[in-house]
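Chemist: Below is one structure. I have some questions about it.
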Amino acid sequence: MENPISFSTLEGITIGERRKNLFLQLNLLNKDSAMDFRMLNPQTPLEEKFKLDTLIHFGAVPQLIEMLKCENPVIIKRILNIPACVEAISNYSDQELLSLLSEVSFNTKQKILNRLPPFLSNQETFEALLNTYGFYLSSKLLPICDSKVILTSIKENRWIPTARQLKVVIQRHPGIVEEIFKLLLAIEKSKGHYNKLLTLIAESNPDLVTKLHETEISHRMGRRTTRHFVKSNKGAVTREPSVYYKFLHHKEIAKAIGASFPDMLSRLLPRTVETFADSLPELLKVCRNSEVLLETFRKKYGRELWECDDLMTREVLQLLTVEQRARLSKPEDMTEDEWMCYAPIGKSVPYLKKRISLTSDIEARAQLMELLVETCKVNNSKEALAQMCQHVVKYHRNDHMTVRLAFLRRIRTSYGLQNLDDTHWGPVYELMQLFALNNETFFHLQEFLEPYIRFRLRMNLPIRDQLTLLVKAQTYQFNICRDTPSFEKRCLLEFGEIIPSTIKDEFNVTYCYNQFLNALVNWNKRHSRDPISLYSYQDALEHVNATLIGSKSRTYSIDGITKYCIQSRQNTEERNKMLALYLAPSNKFLELNVLKWLCCNEPKTLVDSIGDVMANLLPMYQLTRSQRFWQLFRSYSHLQLPEKIADLLQSHKNSTTDYVMQNATTGLSYLLSPHCYANLVDTHIPKTDGERTESKLWKHLGRCIKNSPPAPPILNCLPSFCKSNGRLVQNSLQSIAGNLNEPKLPPLFADLGKCTTSSQKQAVQLTLRTLDKPHAFQILSATMEIAKTATFHSFILKTCSKFFAQNPDDDSWNLLRMVIEKVDLNDRQVRKVLLLKKIPAAYFSAYFTLVWGVLDGRDVGNMEKLLDLVTRDNIGSLPGEFCQGIVTNYLWKNEEENFQASVHSFTCKYLIYCSDADIVGVFPILKEYVAKAWSDCDINSRGRASVVNFVTQFCLEFLTDSSTNFKALDTFVQQWNGSFKPHDAFDEYLHLELTRIYVKKLPLDEIAARIGKLCNALVESYGLMAVAPFCDKLVGVFDYFVKNTEFLEENRYRVFEALYKTTRTIACSALVILLMSQYPATLKETLEQYKAIIMNLEACDDTVIQCFLHNHFTAISTQ
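Encoded structure:
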């Protein structure tokens, strides 16, 4: 058997060189011959990577899978990115997969399972994993399950799939995607997670995307996806644009739909002209052609837009022609000056010029100057704008800068500087120069000059004067005209010639050169094939070198320049000079990315200067935020770089400067072997409690212990920290437990269980998270036996409750019951922990009855919260006798208002959704309470409100179509009518009767007839005084009868009209008048109905009707 390679014989300084030599040797070996991979014994982190490269080269899949046990996240990630390895694991039997998982770390388990769904289809694998490791890990394989399991997991376990998981689900179960999204949207934190996925769905299933956007999804497609979507679904978008408009890119709709756009636009316009002005801003995003919009308006509404005075907003006025605007009168919200903008140029310009000449107030002159530009824009006259520019230069050059500035800014916002031509730029440039001549600050100089320079370059005109003006203004933004590379390069080259003769001040020239060189670096990064050499500007580079030496104050960044020069390797002599200065002791500002580059490409240079580099690097705050910087050095053992750096860091670990101490300790945790780091920890174990509290070094050693590989010496150190303060290593424990192979975890958790309470708590949490269920139950049971404090009992109860909620099975339920039996139920905190936010459906009845028994009579507040967990879906699982007991014992037996509201809700659900509910048995309780409350002045108003709320809640289940158990409704109403007269509880009686009418789902005309019949019967019994309270109650439920929101007002008036025409009684006429006061007509169609009804009523001689009409007109006159 052939030995593949010896890593110790590889030559080369950089990792790349050594890796290249590795593959040169590997290519000499025969891949088909037997290799003894056991002979590969890596001694350093780099050799471990080389071992991985060797195994990949030979396609040694079994050995690669075996390397998943190496506890090195970097190696593991690379292995699982190899398709052959994942495919091999996917072919394992369930038992083989569980065997592999039981030998690797928790983080590795997650990575393996995340990659398996595309390769698996057997749901039994998910079930085997669920039985062994619980729901969290097994949920990674949910995409391979059937639709029922997926939906149940989202509902019961609140599983939120990742975008990758959901994509697999969509491919395998397209029929349940809509239901999945509706369930996910009910979980707040899942919103917005699937926007990219929705774009993919849009191309394959447009109908589904439409349905999803009818929910709370607010994702809008991009331009390309909109074009594809519209072209593929042109007919649907044209027919129902309001549906698709919500999620398509507005600017692309018109282009993509083509000739059908006017037809689509007609359907997109609001149904009534009254709401057109409100919709116009959104319509203009879709339709930018005013002629098309005006023509569509005329066809849609049968009238011209300019005929609608109440629609004359500024947006609408800009759509009209001069002739159309001339027919209009001034809108009320406009000043005379603003209105004059919309007049023809020949009228508006002289008027505004005169107003400017007669106005002395600066702000008013500035506003009039803006209107002068606006009238040119409104009249679409660039010629007039050119004349205005000349006028301002001639007559207002000495005006206040605010006035001139207002003129220029309005040109920019109204026209866009890119749309100006030579007739405009001449005077505009002259105005820009005036600011400099007058020593006035013009903050918008670059914003105006750059388009002008671009214009001159297009016209092949010189730009030296304009660039000089820009440099003198000290804006120092040199990457201009970036949209045209040839223009940008010419500007940069001219800037390089202008700067030396223009900037003389020492500080400014240094800053200017720095910005200029940064601009060159920016150009070179974007145009690597056409670079500009920085070494052509030696004066500029001398300023950079002077800064590195320290002779110039470093008040700005030169990191980008030095990084580029060092990495580009151009002009080797100058580059090496800068590199030497960069690594010299005088340079206190090092860039980590430069050092990383040097480490990878020129490690020998770094080794030679490592002492100076470390001295300047350790005090840097940035290094505390880049801890993985130290990992780079692990791979350079062949240069003794880790050892040299570690020796330097040892002398700084006790520094009194926090950043130096932290950086040194962090570096040691990465660069020392586990054995050496453990020795370092042992030598600094505090000897007193005071030292444990105050020693910053000790605390940081604990935080950094996770950076060292989790070898036995490191694991043996953990109890030293946990015995003093477990919080020191809380994050480290989380990291170590995630990367440690499963067989090593139980002994670790056992050691933690002997430490402080905080460590014991973390051990319990990590046990449930990382171990299989048998181990978890065993450790939890043992921990519960030895736990002594009530606080720790409460913690275990909380932990077990969460575990049960995620892993509902008999084992976790029995564990939870055992914990509940052992805790002190008189402890308020314990009782609070008992309440789960989400109870597994299969165990709802057992859980609810158990917890109710614990809380009953002890804690009304938590009893209320427990009752609130009962829903219409789960109450049917509770025993009927148990529910009746709650109703009998607590319905109106407790005066606590919030608790009583929860009892009301529970009772209503019980009466409606439980098949064995005793509706008749509730009424003796109700009658007893009514008799007491109605006769007791102290509780009369509160008692009546309580009964009203109960009946309202009962009816709401039917009015919202949540229940179809109409038999329960009929029984309840019969019992009510048999127990009370209408006048005993008039509000409740009306609510029940109106609910009975609603559930019959009658046409609107028939609804009106039923309402009229009920109204007439009430008036016959109680007189016309019954009409007003009947109207009030009807208003409260009326919108349930006319649910179509698009035609809500029309449907209301259909009912009013039918109610009036079919009955013609005084009672119903009065009711209609009251209803029309509550719901005023606003649409053309409903206004006509309203006027017809009013005309008929005015012709009626009955004095009652006339009184009601008088009150109606009085009411609407004050609205």
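Heads up: the sequence shown at position 498 corresponds to 499 in my numbering, and the numbers run straight through without jumps.
Positions of the beta carbon are idealized from the N, C-alpha and C atoms, including for glycine.
Would you check if the region 866 to 877 and the region 904 to 914 touch, i.e. whether three or more CB-CB distances between them fall below 8 Å?
Modeler: With the cut-off at 8 Å, the region 904 to 914 and the region 866 to 877 touch.
Chemist: Could you tell me the boundaries of the alpha helix (DSSP H) in which Gln26 lies?
Modeler: Here the alpha helix (DSSP H) through Gln26 covers Ile16 to Leu27.
Chemist: With DSSP as the reference, label Met36 as helix, strand or coil.
Modeler: Strand at Met36.
Chemist: One question on the structure: do Leu617 and Met579 come within less than 9 Å of each other, judged by their Cβ atoms?
Modeler: In the sequence under discussion, the amino acid at residue 617 is Asn, which differs from the Leu named in the question. Taking 9 Å as the Cβ cut-off, Asn617 and Met579 do not qualify as a contacting pair.
Chemist: Does the Cβ of Met2 have 16 or more other Cβ atoms within 10 Å, making it buried, or fewer, making it exposed?
Modeler: Low confidence applies here, because Met2 scores a pLDDT of 44, under 50, leaving its location unreliable and the question unanswered by this model.
Chemist: Pull up the CB-CB distance for Tyr1091 and Tyr1061, whole angstroms please, since I reckon it's below 8 Å.
Modeler: Wrong, their Cβ atoms sit about 11 Å apart, outside the cutoff.
Chemist: Quick one: residues in its chain with C-beta nearer than 7 Å to the C-beta of Tyr911, no 5 flanking neighbours on either side, listed in chain order?
Modeler: Contacts found: Ile876, Cys884, Val888 and Ala918.
Chemist: Between Asn115, Cys723, Phe722 and Cys677, which has its C-alpha nearest Ala712's C-alpha?
Modeler: Checking every option, the nearest Cα to that of Ala712 belongs to Cys677.
Chemist: For Val621, which of Ile14, Ala1068 and Met662 has the nearest alpha-carbon?
Modeler: The sequence as given places Met at residue 621; Val does not occur at that position. Comparing Cα positions, the closest option is Met662.
Chemist: Looking at the structure shown, is Ser106 part of a helix, part of a strand, or coil, going by DSSP?
Modeler: Ser106 falls in the strand class under three-state DSSP.
Chemist: Please classify Thr239: is it buried, with 16 or more other beta-carbons within 10 angstroms of its beta-carbon, or exposed?
Modeler: Buried is the call here.
Chemist: List, from N- to C-terminal side, the alpha helix (DSSP H) runs of 4 residues or more that fit wholly inside the region 164 to 188.
Modeler: Complete alpha helix (DSSP H) runs here, min 4: 164 to 173 and 178 to 186.
Chemist: Rounded to a whole number of angstroms, what is the C-alpha to C-alpha distance between Ile151 and Pro144?
Modeler: Between Ile151 and Pro144, the C-alpha separation is close to 7 Å.
Chemist: In the DSSP assignment, find the unbroken alpha helix (DSSP H) run with Cys482 in it and report its ends.
Modeler: Note, Cys482: premise wrong, no alpha helix (DSSP H); not H, not E.
Chemist: Put Asn461 into one of helix, strand or coil per three-state DSSP.
Modeler: If DSSP states are grouped into helix, strand and coil, Asn461 belongs with coil.
Chemist: How big is the Cα-Cα spacing for Glu1051 and Val1043?
Modeler: So the alpha carbons of these two residues sit roughly 9 Å apart.
Chemist: Run the CB neighbour count on His653, radius 10 Å, all protein chains shown included, and call it buried at 16 or more, exposed below.
Modeler: Counting Cβ neighbours within 10 Å, His653 comes out buried, since at least 16 surround it.
Chemist: Who are Asn742's beta bridge partners in DSSP?
Modeler: Per DSSP, Ser106.
Chemist: If you run the structure through DSSP and keep just helix, strand and coil, what is Lys1002?
Modeler: Three-state DSSP puts Lys1002 in coil, outside helix and strand.
Chemist: Measuring only the C-alpha atoms, how far is Val682 from Asp648?
Modeler: Their Cα atoms are separated by approximately 16 Å.
Chemist: Please list, in chain order, all residues of the same chain as Gln571 whose beta carbon is under 7 Å from its beta carbon, the five residues on each side excluded.
Modeler: Cβ neighbours of Gln571 beyond the five flanking positions: Ser534 and Tyr536.
Chemist: Please report the straight-line C-alpha distance between His1113 and Glu882, rounded to a whole angstrom.
Modeler: Going by the C-alpha atoms only, they are around 54 Å apart.
Chemist: Quick check: what's the CA-CA separation for Gly714 versus Tyr848?
Modeler: Reading off the sequence shown, one finds Pro at residue 714, where the question assumed Gly. In a straight line, the C-alpha of Pro714 is about 45 Å away from that of Tyr848.
Chemist: Which of helix, strand or coil does DSSP assign to His401?
Modeler: In the structure shown, His401 sits in coil (DSSP, three-state: anything other than H, G, I, E or B).
Chemist: Tell me whether the beta-carbon of Lys762 lies closer than 9 Å to the beta-carbon of Phe722.
Modeler: No, the pair does not count as a contact, with Cβ atoms beyond the cut-off.
Chemist: How is the alpha helix (DSSP H) around Tyr583 delimited, first residue to last?
Modeler: Taken as a continuous stretch (DSSP letters only), the alpha helix (DSSP H) holding Tyr583 covers Thr573 to Leu584.
Chemist: Of all Cβ atoms in chain C, is any one closer than 9 Å to the Cβ of Leu607?
Modeler: Among the protein chains of the structure shown there is no chain C, as only one such chain exists.
Chemist: At which residues does the alpha helix (DSSP H) containing His425 begin and terminate?
Modeler: Element bounds for His425: Asp423 to Leu438.
Chemist: Please determine, among Ile1012, Gly1024, Phe1048 and Val1020, the residue with the shortest C-alpha to C-alpha distance to Leu1035.
Modeler: For the residues Ile1012, Gly1024, Phe1048 and Val1020, the minimum Cα distance to Leu1035 belongs to Ile1012.
Chemist: To which residues of the same chain is Phe1 closer than 6 Å at the C-beta, ignoring the five residues directly before and after it?
Modeler: Outside the shown range of the chain (2 to 1120) lies residue 1, about which nothing can therefore be said.
Chemist: Do Met433 and Leu372 come within 9 Å of each other at the CB atom, strictly closer than that value?
Modeler: Not closer than 9 Å, so no.
Chemist: DSSP on Met621, reduced to helix/strand/coil?
Modeler: Reduced to three states, the DSSP call for Met621 is coil.
Chemist: Measure the alpha-carbon distance for Leu102 versus Phe120 and round it to whole angstroms.
Modeler: Those two C-alpha atoms are separated by around 17 Å.
Chemist: Note down the Cα distance separating Asn290 from Glu241, rounded to an integer number of angstroms.
Modeler: Roughly 21 Å between the two C-alpha positions.
Chemist: In angstroms with no decimal places, state the Cα-to-Cα distance between Ala738 and Asn509.
Modeler: If you take the alpha carbons of Ala738 and Asn509, they lie about 56 Å apart.
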